[in-house]
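Below is one structure, written out as structure tokens; comments come after it.
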Amino acid sequence: QVKLLQSGAALVKPGDSVKMSCKASGYTFTDYIIHWVKQSHGKSLEWIGYINPYSGGTNYNEKFKSKATLTVDKSSSTAYMEFSRLTSEDSAIYYCARDNSWGQGTLVTVSS
Amino acid sequence: DVQMTQSPSYLAASPGESVSISCKASKSINTYLAWYQEKPGKTNKLLIYSGSTLQSGTPSRFSGSGSGTDFTLTIRSLEPEDFAVYYCQQHNEYPLTFGSGTKLEIK
């Protein structure tokens with residue numbers, strides 16, 4: 052079945068960057084776009100953007116355009132999101148998602 | 002961006018009862034609305050998309066209705082496994098946007 056397996060929790064310092072992964076299995080990776088979503092503690096969900104694994108084409112939420120970079124490695128069926136210049140506001144759970152499947156989330160904590 | 006207003010934010014009900022959750026869009030999104038279920042320790046589950054189309058595997062006690070700006074998720078005859086957080090999300094245009102969530106708890 053379709054599975055999106057995300058990388059583990061990360062503790063990072065303010066100003067640093069973090070790169071998280073989302074490994075897909077159970078389907079042809081290049082057939083479906085991958086979305087990334089942010090969930091701040093106790094809050095709702097924000098769409099960050101998507102990447103088309105086939106073409107590498109991306110579409111970002113304006114709010115995250117200078118913050119997030121989406122890439123893929125087709126050889127390993129893995130999508131990546133790098134979040135840069137981290138602040139406490141970036142502490143959240145980050146999800147990758149396909150049309151009908153979500154990853155389990157990666158908790159990012161920004162703290163000195 | 003399309004603002005999604007979801008209500009109520011909290012709902013208490015008993016197994017066997019029926020409940021409804023409302024989601025209102027700040028402008029017309031045609032029928033492009035999805036409903037997701039969030040439960041601790043499980044990945045988010047797509048229940049309904051395009052307003053009323055049940056995702057494969059979604060029990061028939063779930064139903065979605067609405068078009069334009071007003072949408073409703075109805076769960077008939079609640080089962081114990083239905084107590085969770087529910088989010089609506091519009092998929093009519095980018096950026097995709099979500100409602101604030103409804104926590105459904107056992108009374």
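Chains as they are written, first to last, in the numbering used here: chain A, 52 to 163; chain B, 2 to 108. The beta carbon of each residue, even a glycine, is placed where N, CA and C say it ideally should be.
Which runs of the beta strand (DSSP E) at least 3 residues long sit entirely within the region 24-108 of chain B? Give them in chain order. 34-39, 46-50, 63-68, 71-76, 86-91 and 103-107
Taking C-alpha atoms, which residue in A/Ser126, A/Glu97, A/Gly77 and A/Arg136 lies nearest to A/Ser68? A/Arg136
Using a Cβ cut-off of 7 Å (strictly closer), state whether A/Ser76 contacts chain B. no
Pull up the DSSP beta-bridge partners for A/Lys125, would you. Its beta-bridge partners do not exist; DSSP assigns none.
Any C-beta of chain A under 7 Å from that of B/Pro96: yes
Let me see if you follow: with CB-CB separation under 7 Å, is A/Ser95 close to chain B or not? yes
Taking 7 Å as the CB-CB limit, is B/Thr102 close to chain A? First, the residue type needs correcting, since residue 102 of chain B is Gly and not Thr in the sequence shown. So, interface residue.
Of all Cβ atoms in chain B, is any one closer than 7 Å to the Cβ of A/Asn112? yes
Applying the criterion that 16 or more other CB atoms from any shown protein chain within 10 Å of the CB defines a buried residue, is A/Leu56 buried or exposed? exposed
Among A/Gly59, A/Ser72, A/Asn112 and A/Gln52, which residue has its Cα nearest to the Cα of A/Lys125? A/Ser72
Which residue from B/Gly52, B/Glu39 and B/Ser78 puts its Cα closest to that of B/Ile30? B/Gly52
Can you list the residues of chain A that B/Tyr88 reaches, using a CB-CB cut of under 8 Å? Ser95 and Leu96
Relative to the C-alpha of A/Thr129, which residue among A/Gly77, A/Ile144 and A/Glu97 is closest? A/Gly77
According to DSSP, what are the bridge partners of A/Gly107? The partner list for A/Gly107 (beta bridge, DSSP) is empty, contrary to what the question assumes.
Going along the region 21-47 of chain B in order, which residues come within less than 7 Å of chain A, judged by CB to CB distance? Thr44, Asn45 and Leu47
Same chain, Cβ closer than 8 Å to B/Val20, neighbours up to 5 away in sequence not counted: Leu12, Ala14, Thr75, Ile76, Leu79 and Leu105
Which value, in whole angstroms, describes the spacing of the CA atoms of A/Ser163 and A/Met132? 22 Å
Going by C-alpha to C-alpha distance, which of B/Gly17, B/Lys25 and B/Pro96 sits closest to A/Lys116? B/Pro96
Local conformation of A/Lys114 per DSSP, three classes: helix
Would you please verify whether the beta carbon of B/Phe63 is less than 7 Å from any beta carbon of chain A? no
Positions along the region 142-160 of chain A whose CB lies within less than 9 Å of some CB in chain B: Tyr146, Ala148, Asp150, Asn151, Ser152, Trp153, Gly154, Gln155 and Gly156
Could you spell out where the beta strand (DSSP E) holding A/Val39 opens and where it closes? The requested residue 39 of chain A is not part of the displayed model; chain A covers only 52 to 163.
Simplified DSSP assignment, three categories, for B/Ser8: strand
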